[in-house]
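The structure appears below as structure tokens.
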Amino acid sequence: MAPTIRSPFRRTLALMASAAILAHAGMNGVAYAQAAPETTAPGVATPAPVTPEPAAPAPTPPAAAAPETAAPAPTPPVPAAPQQAAASQAVVPNNGPASVADLAEGLLDAVVNISTSQNVKDDEGAGPAPRAPDGSPFQEFFNDFFNKQQGNKGGNHNVSSLGSGFVIDPAGYIVTNNHVIEGADDIEINFANGSKLKAKLIGTDTKTDLSVLKVEPKAPLKSVKFGDSSKMRIGDWVMAIGNPFGFGGSVTVGIISGRGRNINAGPYDNFIQTDAAINKGNSGGPLFNMKGEVIGINTAIISPSGGSIGIGFSVPSELASGVVDQLREYGETRRGWLGVRIQPVTDDIADSLGLDTAKGALVAGVIKGGPVDDGSIKAGDVILKFDGKTVSEMRDLPRVVAESTVGKEVDVVVLRDGKEQTVKVKLGRLEDSDQAAASDDAAPDGSQDDGVITPDPGENNDMDQPDTGDQAQPAPDTPDQHKGQVSPDAATPKNVLGLSLSLLSAETRKAFGIAESVDGVVVTEVTPGSASAEKGLKPGDVIVEVAQEFMKSPDAVAAKVQALKQEGRRNAQLMIASANGDLRFVAVPME
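Sequence positions in the sequence shown follow mature numbering (1 follows the signal peptide of the UniProt record, and there is no 0) and run -35 to -1, 1 to 556.
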């Protein structure tokens, strides 16, 4: 019904519009397509020549009624709406987003393509060469080809790769990703003007995947400077320039999609996430803000196909600039070192410590001979702030410590015995060898769901080789002092939290292989399905502390757990020592 009613209006409109188009085309020709907005007024006003005739009464005083009678006048514009819509659509192309051409033009010359080559020894022992069937017309060519391949075994061949980089100093210093040039025997820099220069490696840092190269230009190079990535917000516009798939000088634009991303690429992950297209070959290229400052170094993408799906990651300039400065000055990084082993503060641990929320880094051990071996920081402390910077989660601490100057004295805010305290610490220098043996320090059951960290040279660089001494044993008691109590207590072990507990004795040490340096209460049995079992506790573990209080006997453990229940605590925080003395914290539910 509606189409039937409206069709006369549409036909009328079509005729009017056609007349307007023909009349205007006669005067201005094709230009009408862009001048369409101007015809909107005549199009809408075409009924006006009809209205002047009834408009004659307008001079009469009752003209006040004219607006009322004029109210139906908007009905003609109803069919005219399509013409207005068409006119507004025609104006859209003239109102596109602001161009970044001027910005890109001033930056392209500072972005370079990096070509590398590496001599790789051919694999040997690849097995016998395939043979063509006897009598095949291709047998001769087939066998000749593979015989030559067999004769070339043991030789070398070149492997080439492409990446991106950018000039940070007119003298010829260039920044890129470590993985772009890693293992390269030859590095060549291709500039936007077509010139090429050989580059030498100044320094590299595998933990942040950054490298600094140097070329010897005949004239100063166009360079760019680092900006402050900490000022960038989610939604800010950014521009990436690089060498995707070998297409040099490619410019893409997007926004910052996220900040502080951890993609498990290294110990200091704090990536900027962007939807600006980043592809293979963009690695090492700059991510610019709209001021032309480098606020990130494009490093990685998430993609099932190898191409961009709008999820790219850049090393923020707030991290990269310090690393680059050290590589230029020393050819290596010089990072601060606190000398502690840390683990996450889980919700259960936070509850057991009386924290409102899970935050900070829990100190699981102090490295003997390290900067805080003087007792300034102790096992069981929760580090909440470091040098004025809030430690929201465990992974924040290694990064802020590493970014600090070696030898600097800093204030560290810790939670100890339920109270915040500020201690002074003088940082040491982190050496790669300091954590070389830390990879074996894992949770006894191999799991991490109980919040126990597994220090690894490639994961957490503030994790050090665990101290197998007695730095975390505050009690003066020695095993000899307990000898008189061994028999009766061993005969009637306590059962607490699903754990059968006993005093440490010569017999239990021998049975479970417990080191002499370890002291506390030994776990002799774990009830299957209990909360303790779910947290990974096992026979041979030693309870050193409960709620930061040293445990001398099974009775002391039972009494402390009961006291925590009466205080309304839901979890008991246990400091657990493994047989060789490695410490960790476990929060066990008491319900």
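We put the CB at the ideal spot given by N, CA and C, even for glycine.
{"Query": "What's the C-alpha gap between I243 and F156?", "Result": "20 Å"}
{"Query": "Verify whether the separation of the beta carbon atoms of residue 596 and V203 is less than 8 Å.", "Result": "Nothing about residue 596 can be read from this structure; the chain reaches only from -35 to 556."}
{"Query": "According to DSSP, D376 sits in a beta bridge with which residue or residues?", "Result": "K389"}
{"Query": "Roughly how many whole angstroms lie between the Cα atoms of L392 and S125?", "Result": "42 Å"}
{"Query": "Roughly how many angstroms separate the alpha carbons of A480 and S465, rounded to a whole number?", "Result": "20 Å"}
{"Query": "Please report the straight-line C-alpha distance between A315 and E358, rounded to a whole angstrom.", "Result": "12 Å"}
{"Query": "Does the Cβ of G478 have 16 or more other Cβ atoms within 10 Å, making it buried, or fewer, making it exposed?", "Result": "exposed"}
{"Query": "When you compare the stretch 297 to 317 with the stretch 325 to 339, are there three or more beta-carbon pairs, one atom per stretch, that lie closer than 8 Å?", "Result": "yes"}
{"Query": "Are three or more beta carbon pairs between the stretch 267 to 287 and the stretch 231 to 241 nearer than 8 Å?", "Result": "yes"}
{"Query": "Where does P196 fall in DSSP's three states?", "Result": "It is Lys, not Pro, that sits at residue 196 in the sequence shown. Helix at K196."}
{"Query": "Could you pull the DSSP bridge partners for R394 from this structure?", "Result": "G301"}
{"Query": "When the Cα atoms are used, what is the spatial distance from A66 to G207?", "Result": "15 Å"}
{"Query": "Let's see if you can read the secondary structure: which residues bound the alpha helix (DSSP H) around Q527?", "Result": "P519 to Q531"}
{"Query": "According to the neighbour-count rule (16 or more other Cβ atoms, all chains shown, within 10 Å of its Cβ), is P493 buried or exposed?", "Result": "exposed"}
{"Query": "Which same chain residues end up closer than 6 Å to G272 when comparing Cβ atoms and leaving out the 5 residues on each side of it in sequence?", "Result": "N244"}
{"Query": "Could you pull the start and end residues of the beta strand (DSSP E) that R364 belongs to?", "Result": "It is not in any beta strand (DSSP E) - R364 instead sits in the alpha helix (DSSP H) that spans D361 to A367."}
{"Query": "Taking all protein chains shown into account, do 16 or more other C-beta atoms lie within 10 angstroms of the C-beta of Q531, making it buried, or fewer, making it exposed?", "Result": "exposed"}
{"Query": "What separation, rounded to the nearest whole angstrom, lies between the Cα atoms of V388 and V337?", "Result": "10 Å"}
{"Query": "How should R535 be labelled, buried or exposed, when 16 other C-beta atoms within 10 angstroms of its C-beta is the threshold for buried?", "Result": "exposed"}
{"Query": "Excluding the 5 residues flanking G249 on each side, which residues of the same chain have their C-beta closer than 6 Å to its C-beta?", "Result": "G128, S129, G130, T141, N142 and V145"}
{"Query": "Do the stretch 512 to 531 and the stretch 466 to 475 touch if we need at least three Cβ pairs shorter than 8 Å?", "Result": "yes"}
{"Query": "Considering K163, what are the terminal residues of the beta strand (DSSP E) in which it resides?", "Result": "K161 to K163"}
{"Query": "In three-state terms, what does DSSP make of Q513?", "Result": "coil"}
{"Query": "Could you check where the beta strand (DSSP E) with G277 kicks off and where it finishes?", "Result": "G277 to P281"}
{"Query": "Indicate the three-state DSSP secondary structure (helix, strand or coil) for D352 in the structure shown.", "Result": "coil"}
{"Query": "What are the start and end residues of each continuous beta strand (DSSP E) run of 3 or more residues lying completely inside the stretch 237 to 292, in chain order?", "Result": "251 to 253, 259 to 266 and 277 to 281"}
{"Query": "Between which two residues does the alpha helix (DSSP H) holding N460 run?", "Result": "Segment K459 to V461 is the beta strand (DSSP E) holding N460; no alpha helix (DSSP H) there."}
{"Query": "S176 and I133: beta carbons closer than 8 Å?", "Result": "no"}
{"Query": "For A13, I'd like the list of residues in its chain whose CB is within less than 7 Å of its CB, leaving aside the five on either flank, ordered along the chain.", "Result": "For A13, the predicted structure reports a pLDDT of 41, less than 50, and the residue's modelled location is therefore unreliable. The matter cannot be settled from this model."}
{"Query": "To the nearest angstrom, how far is the alpha carbon of G225 from that of S518?", "Result": "45 Å"}
{"Query": "Among residues of its own chain, excluding the 5 on either side of E556, which ones have a beta-carbon nearer than 6 Å to its beta-carbon?", "Result": "none"}
{"Query": "Leaving out five residues before and five after Q386 in sequence, what residues of the same chain have Cβ atoms less than 6 Å from its Cβ?", "Result": "V379"}
{"Query": "Alpha carbon to alpha carbon, what distance is there between M516 and K459?", "Result": "13 Å"}
{"Query": "Starting from E472, trace the alpha helix (DSSP H) both ways and give me its first and last residue.", "Result": "A471 to F477"}
{"Query": "CA-CA distance, residue 564 and G319?", "Result": "No statement about residue 564 is possible, as the shown extent of the chain runs from -35 to 556 and does not include it."}
{"Query": "In this structure, does DSSP put L72 in helix, strand or coil?", "Result": "coil"}
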